[in-house]
Each structure stands twice: as C-alpha cells, then as structure tokens.
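Worksheet: the structure to be examined is printed underneath.
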C-alpha cells in the first residue's frame, strides 16, 4: 500500500532528472551548425537524404582542413518533415537545445518561410540551400541568406524553355498547393502568356497518390507541353501514371520536377520516364571545379549513386559558406557572421558564392526587387533531359541554355 | 494525513512545480524545454477534453483535431484579414467606424513577392510609413475561434445524436477530412498547405512586474497556456463532479436506461460536444498564436492519433490522468530523439520513438485498460472502498444476499 | 462562369425539398399508422427529384415503400443534377467530351473494383468480429511494401506474382498473431465497450506498423515493376487500330478509352480473388462456417464451429485482402509508409455505403465510390481545386448515407452481435 | 391520485401489427400483472408507455398529462419508471452514483446530502449499504437487479413497470424483491408486473392484463382471468421459455 506513496515522488524526481540530464551546452568546441532536411514524409525524403549526406561530407571536409576557429564543426541535422510548423519548432530546437551558431540546408519552401522568422528573431544566420520561394529573402531579414535560385527566376528557365520548344501553343501545368508550387505555376502562366502561349493550371495536394482523374483531364485539354511542379513522390506518381495513361514523357513534351534527378529513384518509380525534361541547378559535371569533382566522387562512393544532385551541392555549399564566414568573422556571434557573409567570396562547389545585396547595398539601387536581398545571383540553371532509358543523372543531356548545351533536345511530337 | 489529502498535496506540488519551473530551470536549452512544455500543455487540454468526450460521455469522436483547427483557423483568418486604419486605403473593402476605418484585406492566396500584393500592402507602400494601421486584438480572434468551434460542436453533436460507436468514429473522421480538404483546397482564402501566419500572442511584447518580455519570449505564452490548462481542468473537474458528469457517464453506460430514469440524454450529449469542442478550439487558437503559423496538416489524422494515444495511455476515463499522460508523453517524445547503440546496432530514436510509443499504446490498452496514470489516482481516491466491502463481508451479523445461480 | 448560378440554385432547390421531404414524410407515414422504415430516404429522394409535385401525392397516397420508389427518384435527382451541371458549364469536358467521359467512367470502374476488394476485407472483419479495423490501411501499405522488398530488395528478379503470394502469406500471419495477442479479450466479455476497444487497439496497431515500416525501410518512395507488360496488339490492323491499341503500359480501346496496365492487371487480379473468395465462402466448409458465425454466433457455436478460430481467420483474411490490394497496386503508385491512410478512409466510406457487414454491398459500394471520385476529379470546373477535394467526395457520400440510410445500401438491419448496433 | 389512461394504442413494425387498439386504465395504487406469450407485445407496450418508442396512434395520459409523445426522460419526470428485461445498471459507476442519477435528474435543485441520505436508506432496505462505493460491475447479477430497483425508488415515480424482475433469480433474492414490491405498493405506488412466473403473479397481483399478439384479451381479477377460456386457450396452457428481448430491434425499426 505504501508503495505508491513512494512511487509518486519518484516519478516526479525522475522527471526532474530527465530535465537535468540533458547535456548542458558545451562552451565552444565543437562549433555546431544546424542543417535542415526533410527526412520523413510528407517531406521529400529523397531530397532530404541527399542533403543530409552532403552536409555530413561538408562537415568532414571542413574538419579535415582544420575546422573553424580552431574547433571542429558539428553539423546537427534535423528532420523538418516538410511541414512548416514542424520546421519552426525544429529551428527552435536547433538554436536553443543544440546551440547551433548558424543554420544551413532547407529543402521545402514552406519550411523556409516558416522557420526564417524564428532564426531571424534569435539572431542566428541561416543560409538556405534549396528553398525557392521569393518571399524568403523578399522581406529583407537581417539574418537570412540564400544560395538557391529564386522561384521567379527558376520558373523563368522552365517557361522560357517551354516557350521556345517547337509548336507549343497550349501548356498544362500540374502544381502542388504549396508556396513552392503555386507561385511557380503563376510565374509560368504569366511568362508563357507574355509569349502568347495559353496555359491551364491543375492544383493537387502533396499527399495525392492517385492521379488518374487529373491525368485524364490534362489529356483531354490536349496541351502541347506539360509542366509538373510536384515535389517528392507525387512528382514520380504523376509522371508514371501519365505515362501509363498514354500521356507521359514519351507521348508529349514533359517537364518533370527535379526530384527526378535522383536517377535511381526516378527509374524505379517512373520506368517510362524517358525523355522527360528537368531543371538542374549548377553547372554540368564536365565543368565542375576540383572541389566539386572531389565531392562528387566522395558522394558517389558513399551513396552508390551515379552522380550528385544539385540540392546536395547546394547543401554542401550552404555549410561551407557558413564555415568560412565564421572563420572570417572570428567569432560565432550572429551579427559578426552576417557581416562576414555580406562580404564573403566563397569558392564553393557550385561556383563563387557572394551576396551583392544586403545592408551595404539595397537591391532597389540596381532596380531589382527586394527578393534579391542576401541572394546569390549566379546559380546556373540548366534544362536537362533523360535521353536514354535508365541513364544516370550526371550524363543527362543538357539542352538549354546555349552556354552549357551538350546535345539537342528530343522533342516528342 | 489520509490519502485524499496526500493526493491534494501532490496536485498542489505539481502545480507549484510548473508555476515556478520557468524560474528554476536555467540551462542553455531553456527555450526549447519551455517550448516542449507549452506544447505539452496544449496537448494536455486536447487530451483531457477528449477524455471528457469519449471517456466520460462515451462519444468516440475522431474529430477533435478538426475543432482544434476550427479555433486556430478562426482566429488566423480573423487576424489576417481585418485591420483598423485612421485613413481610408481606397483599395480595400472598408467601413467607417467612428474615426477609424475597418479594413477587410482582399484574399490573394499564396504568392511569391514578385507577384500580386494585397490591397493593404499596396496601400502601405503608398503611405510609406506615414500611417499606422492597427491589427485586431488577438483575444477577439481567439474568442471568435472558440465560438466557431462551439458552434460546429453543436451542429456535429446534433447530427450524430443517432450514431453510436463505430459509426460515430467514422462520421467524425469524415468531418475532419472534409474540413482538412476544404482548407487545403481553398488556397485563395486559407493559403492552403502553405499555412497561414498569425501574430504572436504578445506581438508587441508585454511588461509584467517591471520585466519586459519580447514577443518570442517563452515565459508569457508558458503561463498563458498553463493557466488555460488549469482553467480547463477546473471546468472539467467541476463538470465531472456535478450532475453533468454523473449524467454523461450514465448515458455512456446505458443511454436507454439513463433516459428512462429522467436524464435528458439528448441535451447532455450535445452539451458535452459543445463544451469539449469549445475547449479544443480555444486551445487550438491560443497554440496557433503561440506557434505563429497554422497549416491543414495539423488537422491530419496522425495528429489526432497522438491525442488519442496520450489520453489512452494516461487514462481515458479520468481527465486529469489524460492531461498528465499528455504532458509526460509529449515530453518523452521530444527528449527521446537521441539515438543510442545496442550491440553495435544504432537505433535512430527519431524514428523508433514513435514505434515504441505505438507499442506502449497497444500494451496499455491490452493490459492496463484504465491507463497508466488513472490507477495511481484511484489508489488515493478509492482505496477505502475495498476495505469497507471486505470489512462488511467479514462481519458475520450481516446477511448478505450472495449470488448463486443468478443470471444477469 | 456566369451560368454556374443555375447549378447552385438547383442544388439548393434539391437540398431544400430533400430536407423537407425527409422530415415530413416520416411524420406523415407515422401519423397514417404505416411502416416508417426508409420513409426518410424515400421522402428526401422524392422531394429532391420532384419537389412539391412529388411530395404532395406521396403524402396523400402514402404508398408502401418499395425499392422502385427509392431508386426512380434517386436516379431522377442525379439526372437533374447532371442536367443542371451541363447547363451551367457547357464547355466542361464532362459535358462536351464523350471520350473523356468514357475514359473517366472506365477508370472509375476499374479502380472501384480494387477499392471494393479492399473494403471487402474490412467488412469481413466487421461481420465476424463486430469491430471496425482502423489498421486496414496499414495492411494495404505492408502488402505493397512486401512485394517491393521481396521482388526488388531481397530476391531481385523474383516474379512479382510470387511477391504477391509472399505478401499475402506474411500479412495473413501478421493478422492472425495480432488477433491472438490483442483481440482475444473481446470475446469473453472482459471488456465493457468492445467496439471502442476494437477501434483503439487497431488504431494503435496502425500507428505502430506505420512507424515501424518507416524506421526499418526508410521513407523513400519505392515501387515494384509492372507485373506484366501488355503484348503489342493493334486491331483491326496496324494502320487503323481503332478497336484496340496497346503499348507496354497502356491499352487504348476504340480510340477513346485508355486503360493503364497496372490498374488493369490489379483489377483482373482483384476479380479473380473475389471469385476465389466467393467460392471459399459459399462452397467450402470453413467458408460456410465463417458465414454462419457472422449470421448467428451462438447457433454456429452449437453447431460445432469454434468461433475463436473463425475470429482469427476473419481478421487474418481481412488483413490479407487489404494487403493484396496494396500488393497489386504497388506497381501503379509510388509507395511510402503513409500510403495507407487514404485507401483506409475510402474503405470506411465504402463499407458504410454498402452496409457494414455486407459482402456484396462492399463491392457495389466500391464501384460507386470509384465512379463518384472519378466524376469529382473529372468534372469539378476549377482545375486548381478538383483533386484537392478528392478525400471530401467520399466523405460527403458517407455523411449522406449516415443521415439517410444508416444501414447502407445492402446493410442487414442488425449486424451480428449486440455491438453491431448503430 | 394516480391515474393512467391508455386509449386505443396501435403500433406496427413494418407489416407486423404489434399492438391492436389496446386500452386500459390504472387508478390508484394498484398492483397489476401483465402477462402474455412471447411476442405478445408486452415489451413494446412498456416501451411506448415509457416513451422510448412512439405509437402509430392512440393516447396515453398519466395524471391528466398526455405522455405518449414525450421522450422517455420527460415521462420519467411525470411519474413513470420502468426496469428492463436485461439488467441495465451503469456498470462503471459506483452504487451510490447509480442512485444519484435518477434523483438528480428528477429534482434539479436537489440537495446532495438529502439525496445521499435517501440513497443510503434505499441501500439499507436492499441490504447493500456496504457496497455503496463499489462499481456496479463488481456486483453480482442479483445485486445489480436490486440496484436497478433501488434506482426506481430514487426516481420516486407514481407507476413502476417491472419487466421480468424474477427472471433467473435466486430464491433468497426473490424474497427481497417480493418484499420490495409489496412495500412500494403499500407506499402508494402503482406497479405493473410483467412476468412469466405465474406463481409470483398470482400471489402478488390483484388484477391481471393479458396480451395476446397485440390484443388485450383479458382484464380482471386473477381468478376470473384464470378461468377465462380465451386466456386459457391462448396462453396459460403452455408456458414458454425465456423469450428473447426485442427492444433493440424495435427501436431500430422505428428509427
């Protein structure tokens, strides 16, 4: 009978002990840098795992070169699940529990939108790697940087390529109802419209699995070109189901989401994915710098993949640029890092990374929109195409723009 | 000191512990722990009100998260679309009220900053800082959100009067799916899966006892949520002790018999729906203002299963047990993210914690049907019963009617 | 889009008279001292179809309620809705494009057959155990996962059909073990609220399974190869293949209807399994015993059937059927640990629509839901929203069913056991 | 003065005419037996009187108030209480709580101590005081039956309908129930006793109602009824087993 009398205080004590047992933040070494990646659904796990791998490689490489400020760095990777509210909480956790001094990575736009405020209000610099939505840098927050392309800009490549393809009069856009998909679709509609090409937009939920009805609708519209702005497995599902319905990449000009650059997953999920176009960030592998080649080799060895995806490169660089900024700032203070970042010139795997607009120079001085704030202006975006079945993504034919072109696009009639 | 008093003492100790915790705890992860606790209180409100609905009244509803979402979206939409301004914008829909203009922002959905902007942003750009607009006080939004939850609770309660058990569960599941689908489809108004942002609970900071707290400080929302939890618990305790608790339990046990004994089953069934869904909506509204964003994913069935599991593991038929269970489980779920190695195999706890949690749920259901916390509480409140009964049975003078060959 | 007012006003008109009909018809029948079962359904249908013109004679004559009296107004109401829709949006593909409509209907039918099979498992479990299994979707997910793992990861090159058999076997065992470990307390009255216990414990299983698969297999989308490729057929001839034209993954009939290979194969397997199941239930001793238990547990016990074995068999078979649907569909969809949710919800809708516990009802319900969803995704004019509402279409059917005819289309009045009570 | 008046009650389920023009009345503290073969409509009649199902036609007045269209809880407040054929206690509530339900439901402003005292009195009468804080599910079947009777005392209705109170009951318990019925009747309440046990009916009741497939075929003193050839023909000659309850089914039909 007396047992429970003892048990209850014990439970309370246990709870207290759990409180206490959480390791207090160790003073300075190792220096912790946060890494955001979607590692479980509804996030795009394929992308998330690639980014995690790349960020861990970045950690290894930086430490091999002697680390930062005499310390090793540690990249603390956290799962955003692709959900905004989770991302905000995880950003909170990174900053207050893990004690990170800066954060890199980030895949889904909604994650970027939701988590940037948390970091900004706590004075922790963030370099987003793969979040395209313009508003992320658009509200000109002090601590927010981005090396991913702007959505409006990436969409520009997509629609410009579609517009120059032969005989395109009517385009179907299938987009997810998120703050990546909707603005991107809108950009495409407006861009295509400016070229006199009409378009129709179909919206779907990110969790959708069965696209049969939508595919039929798209088919019935008889568009000349399909643009699919669905991330993760929804993009795979749509492409394969469209192919099964006789309206896939082999039947029409078909732009698939860049998740397809993960060639193993692409060919497993979309066996009929031949001739799909995709947008790829970064220069082609033949034009890689030495550091990029080395990274690609390590990455392939670690993952068994045929090539390195653009978002992995971006994730790698987001950590690298932070590490250099900390070194140059000479401290882990957020404001110092921001100052260093605004002045940085980092030789990353994507190219030379710098941020021309910020507190020194407002984007409006060059007549640019506020979304160019803390934005790397140079990421190369190319259109690539799977021209052989089962082809790995690194040998994909670059079909656009002219500068990088390695082959002519195959347009399906 | 008897057991009842011990229980009181422990409850007071727990309350005092949580009251003083923000001042006692001082590690580096302070903010994060506070966040976990605030979320824990939020789930505690949901779990305890759900235990009132399903454990006490026997109305097995899977729509509790939908009511939470109604509250959150109610206040989110309110604060997103309505403003007061001293000068007319001439762009938005606006009404003159006294010397102020009541402004309704137009719905433009999800955009990228290079695309369309809403009328208010345009107007602000024109004014260029010369005019101060006032957002609506958030407490009105929270109030409206809770009322929205209550009204829907009333409607659903009336619709499901005739449904029992499995049908009720399916219907409420359907209701929450419809709501989720609607919110994610009506992008123009709700911003769909991008989620809608809300002002923080104390957007302009708050000064208490001379100490200034900024909008992201954890202490003010901690106390707001904690007192909300206490208030909900007080209401639930009062309900459970009053004839309301008696009657809803009677109708859970046997609706026909309760009605035959004069209990207005219809009224109490609807009442319990209204009360608990208002609570869920209230918690949702406050939590949304605390987190700063609400998305339709919060309404997903997985979130609901979390609440169900918390209530079941704590103790479905005791709202206090459900609340304590929710706080403990939320705490453990967050803190058990650390991976560990067993026999050379690394167990990634970010993934496995939920597997263990599910297994715990099943084992609790199978072997500890009253939950893990309820027996502890019952030990203090009901310990005298067994001894009384035994004592009486031992007494040879009493001629008990003992059963043999009685069917029943 | 100006014309859409026609559609909304018609809907409102139908809704109004439907509600009026459902409320007052029952009262009229009650007052006239007549059988009131189904009077709500008849009232609402007649009200919706003919408005006051239909209701007044109905109230005056109060004919005996027959199947005809329900079905004719129901079809008329659907017809009115269709006409209103066509008038409101004449440009819509559903109105103007015959081959589109044919394709959508075919797709709806095919996927409906597969849904029906899955729901069959749920209804089988319900009819024997009296509980609604909330882990049905997870069995579906595991079925697909097992096919993927057995044919791609564990034994690469294994024919997928063998993978399906493996998946069936393993999920059958999983179901049996779970039933033995967690559902046995249901039968001996140790549990006060068996329905709720059933819901919660299967809910717990669903939760555990989903995260278990995610922890073990990761959350990458996976997919099995197509089970069979279509042979290349062009009929009547190469130049003019108007009758049938196939490619590896697609079959086109009459130049209009296109059917995707994975769905076609999945539905053929579903039909074969269904026939096998019918044979099992109606021709074998065990099957007959199962049906006997579902109809009258006590009588079956007296007749020498061990109901406990039947419980185990029913739960394991129900789970296996769900897994089989998953196993056949893993070639059509990318597969994740979360994929079970939507089909599970759909199965709930189907079994309620068809009548909880009714096997043919589940199948008919499946086809109806397949068609409703196809119509929803195909016809809702705003392409931005059409597919976002997919989960809602089924739920609207569920709500209507529960309001108008809670026993479903072919539901028995009283499902087995006391806890089958509404 | 207690006065129940049942006039021309009719009830159909689908094609089944369960009650055909049933009329009778109760005046004062009568003790009436209601008998009839299985499916005679006894339980349906009870359900209609109690408000659980509505008649197709006919009226029921209790103490001058029409009750046939009222829901059960209103009927209970007007003054009619009933037990169920299968014991229906609130299993996971304590014995005292079981007793509080009717008392608090009937008197909105009831004083808690007063109610408790009354409940304890009732428990004393039922020799169950020591079990007051036990959950009802911990009680034996017979004790649960007593508890159900106790709840009726707490409701304090004018008319009590007891549906098969002796079914499968142990003889010791039978004595208590006998005593209960006599005592309650002496306190001025009318009791309608439905039972298949003729001995009990004949030893307790002063008046018998006989239902036969919806028809009220006899109404009178037990001796007269016993010798009524119609009744003998229809019922008394053969005695069936326990019949199966149709309450639930009927409700489904009416829904």
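Residue numbers (my numbering), protein chains in the order written: chain A, 1033 to 1445; chain B, 1393 to 1800; chain C, 6 to 427; chain D, -10 to 244. Cβ atoms here follow ideal geometry from the backbone N, Cα and C, with glycine treated the same way. Computed from a predicted structure; not experimentally measured.
Any Cβ of chain A closer than 8 Å to the Cβ of residue 1608 of chain B would place that residue at the interface, and such an atom is present. The alpha-carbon separation between residue 47 of chain D and residue 183 of chain D amounts to approximately 22 Å. Taking residue 1579 of chain B as the centre and dropping the five residues before and after it, the same chain places the C-beta of 1501 and 1502 closer than 7 Å to its C-beta, in chain order.
Here residue 1711 of chain B is buried. Its C-beta has 16 or more other C-beta atoms within 10 Å. Scanning chain B for C-beta atoms nearer than 7 Å to the C-beta of residue 220 of chain D yields nothing, as the closest lies near 29 Å away.
CA-CA distance, residue 291 of chain C to residue 212 of chain D, rounds to 56 Å. Look at residue 1181 of chain A: its C-beta is not under 8 Å from any C-beta on chain C. Within chain D, 60, 61 and 62 have C-beta atoms less than 9 Å from the C-beta of residue 1657 of chain B, given in sequence order.
For residue 1142 of chain A, no Cβ of chain C is located within less than 8 Å of the residue's own Cβ. Taking 8 Å as the threshold, the shortest C-beta distance from residue 81 of chain D to chain C falls below it. For residue 1427 of chain B, the enclosing alpha helix (DSSP H) stretches over residues 1422 to 1442.
For residue 25 of chain C, the closest of C:300, C:64, C:11 and C:299 by C-alpha to C-alpha distance is C:64.
Secondary structure at residue 1327 of chain A: helix, using DSSP grouped into helix, strand and coil.
Note: residue 1600 of chain B is bridge-paired with B:1603 in the DSSP secondary-structure output. Interface criterion not met: the Cβ of residue 167 of chain D is under 8 Å from no Cβ in chain B. Of the candidates A:1244, A:1416, A:1414 and A:1377, A:1244 places its Cα closest to the Cα of residue 376 of chain C.
One alpha carbon belongs to residue 1283 of chain A, the other to residue 1216 of chain A, and they sit about 24 Å apart. For residue 1293 of chain A, the closest of A:1430, A:1068 and A:1119 by C-alpha to C-alpha distance is A:1430.
Per DSSP, residue 1267 of chain A is one residue of the alpha helix (DSSP H) stretching across 1264 to 1276. Secondary-structure assignment with DSSP links residue 1379 of chain A through a beta bridge to A:1384. For residue 265 of chain C, the enclosing beta strand (DSSP E) begins and ends at 262 to 265. Taking CB atoms only, residue 197 of chain C has a neighbour in chain D less than 8 Å away. Scanning the region 230 to 274 of chain C for uninterrupted alpha helix (DSSP H) segments of 4 residues or longer gives nothing; none is fully contained.
Judged by beta-carbon spacing, residue 1263 of chain A lies within the 8 Å limit of residue 1208 of chain A, meaning their Cβ atoms are closer than that value.
Contact check between the region 1622 to 1640 of chain B and the region 1442 to 1459 of chain B: three or more CB pairs, one atom from each, fall below 8 Å, which counts as touching.
For the region 377 to 388 of chain C, the set of positions with a beta-carbon nearer than 8 Å to some beta-carbon of chain A reads 378, 379, 381, 382, 383 and 388 in chain order. Take residue 1213 of chain A, set aside five residues on each side of it, and the residues of its chain with a beta-carbon closer than 6 Å to its own are 1207 and 1261, in chain order. Between residue 1153 of chain A and chain B, the shortest Cβ-Cβ separation is below 8 Å. If you draw a straight line from the Cα of residue 1684 of chain B to the Cα of residue 1461 of chain B, it comes to about 14 Å. Residue 1277 of chain A places its beta carbon less than 8 Å from that of residue 1247 of chain A. Comparing alpha carbon positions, the residue from B:1675, B:1669, B:1454 and B:1670 closest to residue 205 of chain C is B:1454. DSSP links residue 1312 of chain A through a beta bridge to A:1414. Taking 8 Å as the threshold, the shortest C-beta distance from residue 134 of chain D to chain C does not fall below it. For residue 1754 of chain B and residue 1442 of chain B, the gap between their C-alpha atoms comes out near 19 Å. Residue 1384 of chain A is outside the set of residues whose beta carbon lies under 8 Å from a beta carbon in chain C. Taking the Cα of residue -4 of chain D as reference, the smallest distance to any Cα among D:51, D:21, D:18 and D:28 is reached at D:51.
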